[in-house]
Structure formats: structure tokens, C-alpha cells
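Residue numbers (the working numbering), protein chains in the order written: chain A, 67 to 370; chain B, 67 to 370; chain C, 67 to 370; chain D, 67 to 370.
4 protein chains.
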Amino acid sequence: MDYQQIIEDIYKEILPYAKEGKQADYIPELAKVDPDQFGMCMHTIYGETAAIEQADTRFSIQSISKVFSLAMCHSIRGEKLWEKVGKEPSGSAFNSLIRLEVERGIPSNPFINSGAIVMADILLTELNNPEEDFLSFVRAVAGSPTIDYNRTVAASEREKGYLNAAIANLLKYHGTIDNDIEEVLHFYFLMCSVEMSCRELSVAFLAFANHRRKFDYAGIQLTASQVKRINAIMQTCGFYNEAGEFSYLVGLPGKSGVGGGIVAIYPLQYSVAVWSPRLNPKGNSVMGMKALELLTSRTKESIF
Amino acid sequence: MDYQQIIEDIYKEILPYAKEGKQADYIPELAKVDPDQFGMCMHTIYGETAAIEQADTRFSIQSISKVFSLAMCHSIRGEKLWEKVGKEPSGSAFNSLIRLEVERGIPSNPFINSGAIVMADILLTELNNPEEDFLSFVRAVAGSPTIDYNRTVAASEREKGYLNAAIANLLKYHGTIDNDIEEVLHFYFLMCSVEMSCRELSVAFLAFANHRRKFDYAGIQLTASQVKRINAIMQTCGFYNEAGEFSYLVGLPGKSGVGGGIVAIYPLQYSVAVWSPRLNPKGNSVMGMKALELLTSRTKESIF
Amino acid sequence: MDYQQIIEDIYKEILPYAKEGKQADYIPELAKVDPDQFGMCMHTIYGETAAIEQADTRFSIQSISKVFSLAMCHSIRGEKLWEKVGKEPSGSAFNSLIRLEVERGIPSNPFINSGAIVMADILLTELNNPEEDFLSFVRAVAGSPTIDYNRTVAASEREKGYLNAAIANLLKYHGTIDNDIEEVLHFYFLMCSVEMSCRELSVAFLAFANHRRKFDYAGIQLTASQVKRINAIMQTCGFYNEAGEFSYLVGLPGKSGVGGGIVAIYPLQYSVAVWSPRLNPKGNSVMGMKALELLTSRTKESIF
Amino acid sequence: MDYQQIIEDIYKEILPYAKEGKQADYIPELAKVDPDQFGMCMHTIYGETAAIEQADTRFSIQSISKVFSLAMCHSIRGEKLWEKVGKEPSGSAFNSLIRLEVERGIPSNPFINSGAIVMADILLTELNNPEEDFLSFVRAVAGSPTIDYNRTVAASEREKGYLNAAIANLLKYHGTIDNDIEEVLHFYFLMCSVEMSCRELSVAFLAFANHRRKFDYAGIQLTASQVKRINAIMQTCGFYNEAGEFSYLVGLPGKSGVGGGIVAIYPLQYSVAVWSPRLNPKGNSVMGMKALELLTSRTKESIF
């Protein structure tokens with residue numbers, strides 16, 4: 067497969083969607099981003115790389131960070147992790163607080179906000195230097211030592227983060243989180259604020275695409291089986307209430323972020339990252355979704 | 067891979083679970099089944115077959131029938147099918163009627179009861195002889211002309227089927243179904259009552275495992291892309307509120323039934339069917355789940 | 067108080083609202099009613115009567131019938147009645163099936179549809195001739211032997227009564243009702259179809275307004291305490307999700323029906339019935355609500 | 067009526083319940099209270115007083131304070147108050163956050179926690195010295211200048227008040243509250259911490275029982291109609307998901323607090339306050355509920 071050619075063709079084909087949707091604007095920092103950007107990068111397990119447009123421009127990875135925190139929590143806690151968070155998709159947008167209240171404080175999965183807040187709490191409990199350790203892991207798995215938090219974005223999100231604060235308080239009420247609520251929220255938003263490029267994300271997710279390679283980065287180790295299980299959770303829970311749609315259209319495990327980034331993997335074949343800030347009504351990148359749908363259609367490669 | 071040897075080994079390993087759980091007993095007909103039975107059968111796309119124990123004993127396929135009705139509806143309606151049913155997992159057991167009420171009569175996906183009732187309604191509308199046509203399709207895809215409904219089971223389920231009748235009335239209230247409620251329920255339960263063996267199910271699902279083979283049975287045709295999309299829905303929605311768990315432990319698209327049967331496919335590799343009537347609290351076969359978990363662990367083969 | 071003068075003045079004052087809202091039209095029979103009608107009638111415990119306009123025109127009492135069935139069930143079962151139905155207001159319109167599912171088949175109170183369906187079931191179980199006995203009671207308490215069911219309306223409502231059929235099936239699923247679902251629904255809709263005039267309703271509810279008078283009609287007996295308790299339930303649950311609003315604006319126990327009728331009582335003072343078919347968005351008569359609000363404002367009489 | 071004799075008799079009759087239930091213990095300050103206390107006090111509009119046992123012992127009025135804040139908000143905002151809070155009962159304990167999320171940030175009524183938090187926010191916006199002004203009003207209406215906050219209790223409740231903090235954040239997310247979340251919560255808990263005796267509460271609620279007397283205390287004025295409407299809300303919403311039960315058994319408007327206090331009024335007759343710290347599972351005083359049920363049974367006086 068000539069992936070470089072394929073993604074160049076895809077880019078041309080999705081150009082008509084370049085003005086559809088709008089970027090996240092609930093915090094000033096994200097609203098400032100130029101919405102008319104697009105980047106895409108792939109890495110195969112055989113060492114091939116393909117990249118187009120702003121593949122090297124960094125952006126706010128937001129919820130994509132939840133895969134990294136899950137990797138760390140799963141490495142540290144193993145199967146005991148599932149005592150504090152489920153692994154079932156959460157269903158429709160009819161969600162978060164309602165389900166959390168009904169289910170007595172155990173989030174449905176690690177990729178909805180409540181589940182990621184629980185993981186932030188676990189990392190605060192388990193790590194000596196949570197902020198440094200998380201960054202070290204992300205830098206190591208992405209092979210890029212300059213990746214960093216954007217503390218302005220994090221502070222800005224905390225300031226307006228009433229819904230996440232409501233969730234954190236409800237989790238504390240149910241006894242699911244152990245640390246101080248403000249510390250948990252601070253760390254949660256900080257992890258979301260990490261900035262990476264498509265190229266860096268694609269490198270990082272190659273580690274998930276290739277479970278035959280040893281997973282060991284900055285001390286975070288996962289077995290092949292654990293890597294595959296994280297992929298399984300990406301498949302069923304990676305796109306909130308659009309997980310079924312993504313699985314149906316793209317057919318790959320993946321994870322999206324409100325910054326406009328999407329990563330996906332084709333196990334034992336490739337990883338791919340795409341980015342464009344304009345979002346559909348469900349919060350996923352319009353061009354990103356289109357690009358990935360075309361990628362698996364063109365290559366006739368999907369896990370199904 | 068010597069699949070025959072593998073499944074024989076698996077069977078020995080899961081024998082300690084042989085008395086765990088109990089069979090469905092909400093209708094007398096299902097309660098009469100000897101719970102201490104086990105069958106397993108696999109077919110690879112290369113023509114290999116493996117089978118053990120009661121692989122040729124027929125049992126009530128129940129919800130596995132929903133894959134067949136989805137295949138028919140998708141073949142007939144194409145993408146328009148999704149106007150009447152979603153493709154998102156339904157989340158927790160906190161389910162059916164609540165979600166249906168909240169979502170104004172559109173079921174989350176075709177594999178929950180409400181979604182399958184909608185498909186029964188569509189088939190009644192679209193087919194000249196729905197009962198015959200459904201059976202013809204199942205017989206053709208399974209290559210077994212003696213497969214049949216069990217009308218005693220169907221009648222017995224209808225008699226006690228208050229929850230499904232509530233769902234059908236709610237769907238009618240919302241205008242989602244067009245036909246007479248009793249006719250829809252009759253046909254729904256009839257499709258669930260089909261009896262097949264593991265061998266027959268494994269043959270039938272090989273058609274889904276191998277999207278490179280033409281899918282055309284008794285006039286029901288699906289493109290490769292459509293087959294893969296049905297598989298994607300099996301992956302995210304095939305096990306009710308245990309879909310995430312199955313994806314995590316087994317890593318294959320599949321579908322279970324309350325009769326104790328489970329089918330799964332490894333795309334472009336094999337199909338597998340397993341049956342044992344004793345169920346876990348979520349309604350899935352205890353030994354069946356164990357057998358499939360071991361199968362992908364042993365073979366180190368999963369879609370992730 | 068010159069109630070005749072008061073209600074004549076009120077009528078003039080509410081005339082500007084005469085064209086607001088529209089009558090129930092979900093069944094042809096109710097849609098046929100001339101919407102531009104208004105009647106009002108009061109009876110004091112001292113024997114005074116006041117009546118204006120179409121006070122003697124009969125209309126479909128619909129949910130007002132639930133007070134009569136509650137009176138019968140409470141008379142027959144006493145405090146044991148509350149094993150099958152609660153006495154708490156059901157809150158917002160976010161209601162019926164959701165709450166019923168969450169609360170495992172016990173309706174919140176006897177005045178929501180699910181609760182009234184349970185009462186229909188109880189009467190079927192307890193009475194030798196439920197249809198005759200219910201009618202005898204209503205005729206006796208209203209002092210009018212010609213009151214009757216409208217079987218055309220009842221049949222028409224059953225035909226379109228998918229939501230109530232869903233509720234009945236869910237109640238049966240939970241084991242709350244004992245009789246055949248169709249029989250229960252038939253009797254439920256029949257009770258709703260009773261036709262009475264404002265004058266007849268006012269007479270009937272005088273029996274609730276005056277708990278010092280012996281309550282004994284066609285063999286249905288209630289103690290003073292039981293009458294007061296039925297009034298208490300009217301106060302908290304008589305107007306679905308407008309119960310608080312009615313209590314706030316009118317300050318009397320009452321019950322409304324989708325036919326446009328409303329009854330209310332001022333304990334130890336009077337009963338009042340008002341009717342006008344045009345409804346507000348919550349299903350209560352526009353002019354009826356206005357008339358009763360003005361009645362308690364003018365007379366400065368309310369239970370608070 | 068010899069109310070003194072009646073409440074003495076009632077006290078003897080309820081003594082067998084003296085050890086039933088246990089006091090609130092979710093904060094150390096409330097858990098320290100001797101649970102084996104009981105006080106009761108009545109005032110008629112004709113100037114009679116009856117009091118027994120610890121009628122003069124002060125206790126934490128907790129949610130009873132919500133009547134005072136409603137009186138202030140209704141006096142200040144009039145009917146515009148209802149733009150930010152409803153007046154419908156909230157239904158079952160299946161409550162608070164779920165309903166709040168479904169209803170887009172508008173609490174069902176002023177007596178559930180979310181509604182009272184909205185009122186705290188309104189008072190912070192409207193008053194120059196909210197803490198002083200609230201206290202001045204309570205002191206004036208109770209005729210007791212030494213009534214005060216218990217800041218230790220308030221601080222202790224804030225510290226463990228995760229659920230209320232979740233609610234406040236959700237209200238802020240929906241834009242229902244304007245002030246800083248911590249300030250709102252601080253003031254909310256402070257109002258709940260006011261300590262009063264049964265005698266003081268009975269005096270204070272006499273102002274609600276007698277709407278013919280001018281309501282004007284420390285600058286807070288209510289019309290007769292407004293007083294009656296506050297009583298109506300007490301009737302339908304004063305006892306959370308036991309409002310229907312209280313209305314059924316006692317038949318008076320009232321309000322309870324988790325400190326074990328209950329107030330009730332018989333309009334144009336009397337006010338009554340009762341206190342005993344042991345609570346039933348729904349958070350209402352066991353002996354208090356019994357005492358009030360017997361009071362209306364014995365006197366045969368209720369609003370119904």
C-alpha cells in the first residue's frame with residue numbers, strides 16, 4: 067500500500083468538508099485556534115511513514131490523553147483497576163451524572179469524563195510525581211522529549227469546568243476518589259492540556275497497534291494482552307455516544323479529543339492520527355472522521 | 067493451528083465451570099432443556115472444521131436470530147434502515163424502556179429487544195411471506211434445509227412476554243412500527259425460536275467472517291462493506307451490557323442468546339459457535355464465555 | 067357568600083380566555099366535542115347550589131373517574147391498598163414508564179395512569195360485576211341514575227391506547243396486576259368514559275367535601291378519616307405535573323380530566339365542578355383553571 | 067380544645083417509639099446530639115400556648131430554614147422567583163441530580179437542596195448583608211433576638227458536603243446561579259445551621275398559620291396570598307419523597323429538618339413544632355411524625 071498517496075487522495079476528497087462544523091469554543095484558549103487546519107500522519111509496524119499538511123503542528127490532545135492515563139493505571143493496578151471503573155460503553159449522551167448516580171459512583175468506562183477523573187485520582191495516589199511521571203511516559207511513548215502541558219489551557223478549563231467539578235464531587239460523595247477534589251481536577255485538566263502533533267500521536271499509538279513489540283516506556287509496562295485489551299476499550303468506548311457509528315463507518319479502535327484530534331489503530335498494521343479543529347455536533351472532528359472512513363474504505367482494511 | 071486440539075484442551079480446562087449458573091427458566095420449554103450439555107464448532111475460511119461434544123445438538127438460538135434479521139433488513143433497506151434504529155451500544159442494564167422513552171421511540175441498536183422488534187416489523191412490511199422467507203435465508207446461509215422454528219417455544223414466550231409487549235406498544239405509540247402489534251410480536255418470537263446446532267451456526271457465521279466471499283443466500287445479498295458493518299455492530303452491541311466485557315476478554319465480534327448459544331467470528335480467519343445452557347447473571351452462557359476467552363488467549367488471535 | 071353572583075362574575079372575567087388552548091383530539095370521539103362550551107356548578111354543605119352556562123351538559127369525565135375508583139379500592143382494601151400503589155406525587159412529566167421501571171412496578175400514586183390501571187385490576191379481582199358496581203357507585207354518589215359509560219369513546223381510546231397498553235404490560239411483567247391485560251385495559255378505559263355534567267360531579271364531590279356526613283353509596287363506605295385521606299391525595303397528586311401549580315394558585319384539593327372537567331373541594335364548605343374542553347399544554351382545562359383560581363381569590367377561601 | 071392536655075397525652079402514647087431510628091450522623095456535630103430528647107410546642111392564633119418536655123432546647127433547624135429563605139426570596143422577587151425554581155413536588159428519592167440534569171438546571175421546588183441552593187444564590191445577589199439580614203428576619207419572625215448560626219456545624223457540613231457541591235456546580239454549569247460556588251455553599255450551609263427551640267419555631271410559623279395578620283418582619287413583607295402560597299408549597303413539597311405520606315397521615319402543611327425538627331401549621335388555627343433527633347429511613351423524625359399524626363387524629367382537625 068502506498069499510504070502517502072492514499073492520504074493525499076483522501077485529503078483532496080474531503081476538502082469540500084473543510085468549512086463544516088466549528089471548533090470548541092467553551093474556553094477562550096481553544097477558541098483562539100485557527101479552525102482551518104488539517105494534519106494527518108500514519109506509521110506502519112514495518113517502519114513506513116506517511117504525513118500530509120500540518121502533520122507537525124501541535125494541538126491540544128484533550129480526551130486522547132485518557133488512553134495514556136488508562137495505560138498507566140492498567141500497568142500499575144492491573145485487573146484491580148476495574149474495581150473503580152467499568153469497561154462498558156455508556157450509551158447515549160443521556161449520560162454522565164445520571165448514569166453515575168444510578169450506578170452508585172462507578173463510571174461506565176475510563177474514557178468518559180467521570181472515568182478519566184477516577185484515573186487521575188488513581189495516578190495521584192500511586193505516583194510520586196504524577197505531573198512529571200505522566201509527561202515522561204507520554205514523551206517516551208511518542209519519542210519526543212519536548213511534549214508539554216499547556217498550563218494556560220488547563221487553568222482556563224478548570225475555571226469553567228463546572229460539570230467536571232460536579233462529577234468529581236459526586237465521585238467523592240460515593241467514595242470512589244480518594245484525593246482532594248481540587249488536586250484531582252487540576253491534574254485531570256492538566257493531562258487533557260498536553261499538546262502533540264499528528265506525527266507524535268501516530269508514533270505513540272504505534273505502540274498500541276503493535277502488541278508484539280515490548281510495551282515499556284518510562285517504566286510503564288504492559289503485556290501484549292493488556293495492550294489488546296486497551297484497544298478493545300477504545301473500540302467500544304472511544305467515541306462517547308458515537309462509538310457505534312465510528313465502529314460502523316471506520317471499523318478501527320480509536321479515540322477522539324475535543325481539540326479536533328483523532329487517533330486510530332489497525333492492529334499489527336498501522337497507527338494513524340488526524341487533526342482538524344472543526345467538530346460535528348457530537349464533538350468529533352468533521353474532516354478527521356471523514357478521513358478515517360475513507361482510509362479504511364480505500365485500503366479495504368478494517369478489523370472486521 | 068490445530069483448532070481441534072485447541073478446543074479439546076479448552077473443553078478440559080473449562081470443565082470445572084460445568085455446574086455454574088443455571089439455564090433460562092422463564093418459560094417452561096426452555097427450562098426443560100438438560101442444562102449439562104456443551105457443544106462447540108469452528109470453521110475456518112480455508113475449509114477446516116473442528117467440533118466437540120454436542121456440536122450437532124440443536125438448541126434455541128434466541129437472540130442470535132437478531133443477526134439474521136439484521137442481515138435481511140440491511141440487505142433490503144440499506145442505509146435507510148438506520149432511520150428506525152440506531153447503532154450505538156445501549157450502555158448498562160438500566161435500559162430498554164427508559165432509553166426508549168427518552169429517545170422518543172428509536173431503539174439504540176438492532177440487537178436489543180426493542181431494535182429487534184423494529185426489524186420484525188420491517189420484515190413484515192417488506193416480505194411477501196415473512197415466516198417462510200426468514201427460514202429460507204437461515205437454511206441457506208447455514209446450508210441446512212431442516213432448520214425450523216419451534217412454535218411451542220414461540221407461543222410460550224409470547225404468553226409470558228409482557229416486557230416485550232410493553233416495548234412493542236411503546237414503539238407503536240411513538241410510530242416506529244407499522245404493523246399490528248400482535249403480528250409483530252408473533253414474528254419476533256418465532257424468529258427467536260429457531261433451533262440450530264453449533265455446527266449449523268458456525269457454518270452460517272462463516273459467511274460473516276469471510277467478507278471476501280459473495281454474500282448471497284436465498285436472495286439476501288450483502289456487499290463486503292455491509293458484512294463488515296454488521297460485524298462492527300456485533301462487536302459494540304452483541305452482548306447487551308456485557309459488550310465491553312466480551313470485547314475486553316475475547317476481542318471478537320459475537321452474539322449471544324439466552325438459550326446458551328454464543329457465536330463469534332475472527333474476520334478472514336474463522337467462525338465459532340459454542341453452546342451450554344447454564345447462564346451467568348447477565349444472561350450469557352458461562353462455559354461459552356470461558357471457552358471463547360480461552361480460544362483467543364490460546365491462539366493469541368483477536369481483532370485487537 | 068353569594069356563590070351564584072361570584073361565579074357569574076368569574077365567568078365574565080375569564081371570557082377573554084375562551085379561545086385559548088384546544089380540546090383533546092387524540093381520539094376522534096373527543097375531537098368531535100364542540101370546544102366552545104363552559105359549565106360550572108357548586109354545592110355547599112349547607113345545601114346551597116350555584117350553576118351557570120352548560121352546567122347540565124354531560125361530558126367525558128376521563129381521569130376524574132380515578133377518584134371514584136380510588137374511593138372504591140380504599141373502601142374495599144383499606145390500608146392494604148398501599149401495597150400495590152404509592153401515595154407520592156410523581157414529579158415532572160418525566161414520568162410513567164421510566165418511574166415505573168425504576169420503582170419495580172409500583173406506581174407512584176393512584177391518579178397517574180399506571181396507578182389507575184392497578185386500581186382497575188383490583189376492582190376486577192374484588193367485585194362480582196365490576197362494570198355494574200362501578201356505575202352503581204357513581205350513580206349513587208352523584209344522585210343521578212342515568213349516568214352511563216360511553217362505550218364508543220372507551221373502544222376508541224383502547225384502540226389508540228398504546229401507551230397505556232405498554233404500562234399495563236409492564237405492570238403485568240412486574241406482577242403488580244393479576245387479571246388479563248385486555249380485561250384490565252377494557253375496564254380502565256370504560257371507567258374513564260363515564261359522562262357526567264358539572265352538576266352531577268359537584269353533587270358527587272360534595273360527599274368528599276363533607277367528611278362529617280356518612281359516606282355510604284351503593285355499598286361503598288368510607289370513614290371520615292378515609293375521606294380526608296383521599297382528599298389529601300387529590301391535593302398532592304390530582305394534577306399530574308401541575309399539582310404544585312394548582313395547589314399554589316387554587317389552594318384546594320382537586321382532580322382534572324382530559325375531557326376538560328375539573329372538580330375541587332373546600333372541605334366542610336363546598337364542592338365545585340367546572341368544564342371547558344380547551345386544554346393547556348399540561349392537559350388541564352384553560353378556563354377551568356382560571357375559574358378556580360379566581361374562585362379562591364375572590365372568596366379568600368382556601369385550605370391554606 | 068385543651069391543647070396542653072392533648073400533647074401531654076400524645077407524648078405518653080408515642081413513648082414506645084422513643085428508641086426507634088437514629089439521629090443524623092453524617093457530620094460529627096450532629097452525631098454528638100443526645101438522641102433521646104423530645105420537645106413540642108403549639109401556638110394558636112388566639113394566643114394560647116402549649117409546650118412539653120424540651121420545648122425550649124435549641125437544635126439545628128437544617129431544612130426548616132428553607133421556609134425562611136423562601137419567604138425572603140418570595141418577598142423580594144415575587145412571582146419572578148419562579149423563573150429560577152419550580153413549585154412541583156420532586157417525586158421519589160430517585161432525585162436531585164438526575165432530575166436537575168433532565169430539567170436543564172431548574173430545580174423542581176425551593177425545598178429540595180438544589181432549590182434551596184438557588185435561593186441562597188438569590189439572597190446573595192439581592193441583600194447587602196445576607197448573613198445578617200437572614201438572621202434578622204428569623205429573629206424577628208420568631209421574636210427571639212438570641213437565635214444564631216452555629217458556624218461549627220456549617221463548616222463541618224461544608225467539609226463533607228460533596229453532594230451539595232455537585233449540585234451547586236451543576237447549577238452553575240446550567241447558568242442558574244450567579245455567585246461564586248463557594249460563597250453560595252457557605253451561605254446555604256450557614257442558613258441550615260441556625261439553632262432554634264420548638265417554642266421559637268412555633269412562634270415563627272404562627273406568622274404563616276395566620277395570613278390575616280400582617281406579615282412584616284425585619285423588612286420582609288408578604289401579602290396574605292403570598293403566605294398562603296408558601297403554605298401550599300409546604301403541603302406539596304415539604305417532606306421530600308414523603309410529602310404524600312405526610313399529607314395523607316397528618317393533613318397539614320409542614321416542613322421537616324434532618325436535625326429532627328418538624329413544623330406544621332393549621333391555617334387560621336395554630337402552629338406546632340416538634341423535635342426529636344431519631345429519624346426514620348427517609349430522614350424525618352420518628353416521634354415527630356407520630357406526634358403530628360396523633361395531633362390531627364385526636365383533634366379531628368386537618369385541612370382536608
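Backbone N, C-alpha and C define an ideal beta-carbon position, used for all residues, glycine too.
Taking just the CA atoms, how far does Lys366/A sit from Met138/B?
-> Position 72 of the second sequence, counting from 1, holds the residue named residue 138/B. Position 300 of the first sequence, counting from 1, holds the residue named residue 366/A. In a straight line, the C-alpha of Met138/B is about 23 Å away from that of Lys366/A.
Cβ neighbour criterion (16 or more within 10 Å) applied to Gln301/B = Against the second sequence, residue 301/B aligns to sequence position 235. Gln301/B is buried by the Cβ-count criterion.
Supposed contact pair Glu248/A and Val316/A - C-beta distance, whole angstroms, cut 8 Å = What you label residue 316/A is simply residue 250 of the first sequence in a count that begins at 1. What you label residue 248/A is simply residue 182 of the first sequence in a count that begins at 1. About 38 Å separates the two Cβ atoms, so there is no contact after all.
Limits of the unbroken alpha helix (DSSP H) element including Ala273/B = As a first step, residue 273/B is located in the second sequence; it is residue number 207 there, counting from the start. Annotation: the continuous alpha helix (DSSP H) that includes Ala273/B extends over 264-275.
Spatial neighbours of Gln287/B within its chain, please: CB distance less than 7 Å, with the 5 preceding and 5 following residues excluded, ordered by chain position.
-> On the second sequence, residue 287/B is found 221 positions in, with the first residue counted as 1. Cβ neighbours of Gln287/B beyond the five flanking positions: Ser141, Phe281.
Residue(s) in a DSSP beta bridge with Leu345/D | As a working mapping, residue 345/D is identified with position 279 in the fourth sequence. For Leu345/D, which the question treats as bridged, DSSP gives the partners Lys88/D, Ser351/D.
Members of the segment 229-246 of chain C that neighbour chain E once the beta carbon cut-off is set at 9 Å | Structure shown: chain E not included; protein chains present are A, B, C and D.
Apart from the five residues on each side of it in sequence, which residues of its chain come closer than 8 Å, Cβ to Cβ, to Lys127/C?
-> The residue given as residue 127/C occupies position 61 in the third sequence. Correcting the residue identity first, residue 127/C is Ile in this sequence and not Lys. Counting only Cβ-Cβ distances below 8 Å, and skipping sequence neighbours, we find Cys258, Val260, Glu261, Met262, Leu267, Gly323, Gly325, Gly327.
Is Asn346/B near the ligand ZN, with its Cβ less than 6 Å from a heavy atom?
-> You won't find the ligand ZN in this model; it holds no ligand whatsoever.
Can at least three beta-carbon pairs, one atom from the segment 305-315 of chain B and one from the segment 79-93 of chain B, be found at a separation below 8 Å?
-> no
Meets three-Cβ-pair contact criterion under 8 Å: the segment 249-256 of chain A and the segment 172-183 of chain A | At 8 Å Cβ cutoff, the stretches touch.
Does the Cβ of Lys294/C have 16 or more other Cβ atoms within 10 Å, making it buried, or fewer, making it exposed?
-> The count along the third sequence starts at 1 and reaches residue 294/C at position 228. It counts as buried.
Rounded to whole angstroms, what's the CA-CA distance from Phe274/A to Gln335/A? Just pull it up for me.
-> The residue given as residue 274/A occupies position 208 in the first sequence. The residue given as residue 335/A occupies position 269 in the first sequence. Straight-line spacing of the CA atoms in Phe274/A and Gln335/A works out to 11 Å.
In angstroms, rounded to a whole number, what distance separates the CA positions of Ala159/B and Ala298/A?
-> Numbered from its first residue, the second sequence carries residue 159/B at position 93. Numbered from its first residue, the first sequence carries residue 298/A at position 232. In this prediction, Ala159/B has a pLDDT of 49, which is less than 50 and means its spatial position is unreliable; what the coordinates show is noted afterwards. In a straight line, the C-alpha of Ala159/B is about 20 Å away from that of Ala298/A.
Any Cβ of chain B within less than 7 Å of the Cβ of Lys150/A?
-> Translated into positions along the first sequence, residue 150/A becomes position 84. No, Lys150/A lies away from the interface with chain B (no Cβ there is under 7 Å from its Cβ).
Please classify Thr212/B: does DSSP put it in a helix, a strand, or coil?
-> Position 146 of the second sequence, counted from the start, is the residue given in the question as residue 212/B. Residue state, collapsed to three classes: coil.
For the segment 256-268 of chain D, which residues have a CB atom closer than 9 Å to at least one CB atom of chain A, in sequence order?
-> Taking 9 Å as the cut-off between beta carbons, none of the residues of the segment 256-268 of chain D comes near chain A.
Start and end of the alpha helix (DSSP H) containing Thr191/B?
-> Locating residue 191/B in the second sequence gives position 125, where the first residue counts as 1. That run of the alpha helix (DSSP H) goes 179-192.
Cα-Cα separation between Arg265/C and Phe200/D, rounded to whole angstroms | Position 199 of the third sequence, counted from the start, is the residue given in the question as residue 265/C. Position 134 of the fourth sequence, counted from the start, is the residue given in the question as residue 200/D. Approximately 50 Å, taken between the alpha carbons.
Kindly say whether Ile142/A, judged by its beta-carbon, lies nearer than 7 Å to any beta-carbon of chain B.
-> Here the question's residue 142/A lines up with position 76 in the first sequence. Closer than 7 Å: no.
Contact under 7 Å by Cβ, Ala339/A with Cys107/A = Translated into positions along the first sequence, residue 339/A becomes position 273. Translated into positions along the first sequence, residue 107/A becomes position 41. Cβ atoms of Ala339/A and Cys107/A: closer than 7 Å.
Indicate whether Thr289/D and Asp244/D have their beta-carbon atoms separated by less than 7 Å.
-> Along the fourth sequence, read from residue 1 onward, the residue named residue 289/D stands at position 223. Along the fourth sequence, read from residue 1 onward, the residue named residue 244/D stands at position 178. No.
Any Cβ of chain B within less than 7 Å of the Cβ of Ala374/A?
-> Lying outside 67 to 370, the shown extent of chain A, residue 374/A is not represented and no answer is given.
Rounded C-beta distance between Pro333/B and His277/B? I'm assuming under 8 Å.
-> Position 267 of the second sequence holds residue 333/B. Position 211 of the second sequence holds residue 277/B. Yes, they are in contact, since the Cβ atoms of Pro333/B and His277/B sit about 7 Å apart, within 8 Å.
Span of the beta strand (DSSP E), counted from its first residue to its last, around His240/B = Counted from its first residue, the second sequence places residue 240/B at position 174. No beta strand (DSSP E) holds His240/B; DSSP gives it neither H nor E.
Would you report the Cα separation of Lys98/A and Ile188/B, rounded to the nearest angstrom?
-> As a first step, residue 98/A must be located in the first sequence, where it is residue number 32. As a first step, residue 188/B must be located in the second sequence, where it is residue number 122. Rounded to whole angstroms, Lys98/A to Ile188/B spans 48 Å at the Cα level.
Whole angstroms is fine: what's the gap from Thr110/A's alpha carbon to Pro101/B's?
-> Within the first sequence, residue 110/A is the residue found at index 44, counting from 1. Within the second sequence, residue 101/B is the residue found at index 35, counting from 1. Computed Cα separation, rounded: 48 Å.
Can you name the residues of chain D whose CB is closer than 7 Å to the CB of Ala51/C?
-> With chain C covering only 67 through 370, there is no way to say anything about residue 51/C.
Beta bridge counterpart(s) of Tyr332/D as assigned by DSSP = As a working mapping, residue 332/D is identified with position 266 in the fourth sequence. Tyr336/D, per the DSSP bridge assignment.
On the DSSP bridge assignment, give the partners of Asp122/B in chain order.
-> Looking up residue 122/B in the second sequence gives position 56. For Asp122/B, which the question treats as bridged, DSSP gives no partner whatsoever.
Taking all protein chains shown into account, decide if Arg170/B is buried (16 or more other Cβ within 10 angstroms of its Cβ) or exposed.
-> To locate residue 170/B, count along the second sequence from 1; it is residue 104. Label assigned to Arg170/B: exposed.
Report the rounded CA-to-CA distance for Tyr112/B versus Val204/B, giving the unit in angstroms.
-> Translated into the one-based positions of the second sequence, residue 112/B becomes position 46. Translated into the one-based positions of the second sequence, residue 204/B becomes position 138. Roughly 22 Å separates the two Cα atoms.
Quick one: measure Cβ to Cβ for Gly152/B and Asn175/B, integer angstroms, because I've assumed they're closer than 8 Å.
-> For the purposes of this step, residue 152/B is taken as residue 86 along the second sequence, with counting starting at 1. For the purposes of this step, residue 175/B is taken as residue 109 along the second sequence, with counting starting at 1. Indeed, because the Cβ distance is near 6 Å, the residues count as touching under 8 Å.
Interface flag, Asn216/B vs chain A, CB-CB below 7 Å | What you label residue 216/B is simply residue 150 of the second sequence in a count that begins at 1. No, Asn216/B does not count as interfacial toward chain A.
Leaving out five residues on either side along the sequence, give the residues of the same chain with a beta carbon under 7 Å from the beta carbon of Ser202/C.
-> For the purposes of this step, residue 202/C is taken as residue 136 along the third sequence, with counting starting at 1. Here the set comprises Ala284.
Which bits of chain A does Arg295/B rub up against, with CB to CB less than 7 Å?
-> Counted from its first residue, the second sequence places residue 295/B at position 229. Tyr314, listed in chain order.
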